[in-house]
Amino acid sequence: MLSGYPGKRDWVASMSRNSEVTLHTVEFEPWFDIPAEARVIRDLDEKLPRIIAFIEHWARRPRFPRTRFKILLGPVKINRWLHLPWWGPFIIAKRIFNGMPCVEITFTGNPELINSDGPPPLYEPQESRPF
């Protein structure tokens, strides 16, 4: 799953238009290209459990304010578990979660080793491919 800070993202718009993507591993060598399919999830009921799991996983990093996130996510998780309405401070949380991108990635092929100097460079949008 891919997510991030709330707001519109060009990469989400691109995946909405063309769900066939290639995931480039760039963190460590050797590098790989992995064919995949992207599905943008817009329904809050479907994406909220994924986003909460994403945030909890992300918060396990060293030197990350885990306690603060547990305090913030705890009431939201209880609210959703009890199926309570989005009222009071939960309205703010709902707006934040609604604005967060959520893209599910499903690998469709085998990783292919990149035998060059790394992943392809970033490029600017072109007329024939505006995204």
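Residue numbering for the sequence shown follows my numbering, beginning at 17 and increasing consecutively. Just so you know, even glycine gets a beta-carbon here, dropped at the ideal spot from N, CA and C.
| Asked | Found |
| --- | --- |
| Alpha carbon of residue 105 to alpha carbon of residue 19, nearest angstrom | 23 Å |
| Close-in-space but distant-in-sequence residues of the same chain around residue 67 (CB under 7 Å, 5 per side omitted) | 19, 113, 116, 118 |
| Enclosing beta strand (DSSP E) for residue 72 [first to last residue] | Unbroken run through residue 72 is the alpha helix (DSSP H), 60–74; no beta strand (DSSP E). |
| Residues near residue 31 by beta carbon distance below 7 Å, same chain, minus five either side | 37, 54, 56, 119 |
| Proximity winner among 26, 35, 49, relative to residue 132 (alpha-carbon distances) | 49 |
| Segments assigned beta strand (DSSP E), at least 3 residues, entirely inside the segment 76–107 | none |
| Helix, strand or coil at residue 147 according to DSSP, with G and I counted as helix | Note that residue 147 scores 49 on pLDDT, short of 50, meaning its location in the model is unreliable; the coordinates nonetheless yield the value given after this. Residue state, collapsed to three classes: coil. |
| Check whether residue 125 and residue 51 have beta carbons under 8 Å apart | yes |
| Reduced DSSP category for residue 44 - H, G, I as helix; E, B as strand; rest coil | coil |
| Sub-8 Å separation of residue 107 and residue 85 beta-carbons | no |
| Through-space distance from residue 88 to residue 26, alpha-carbon basis | 28 Å |
| Distance CB(residue 102)-CB(residue 93) smaller than 8 Å | no |
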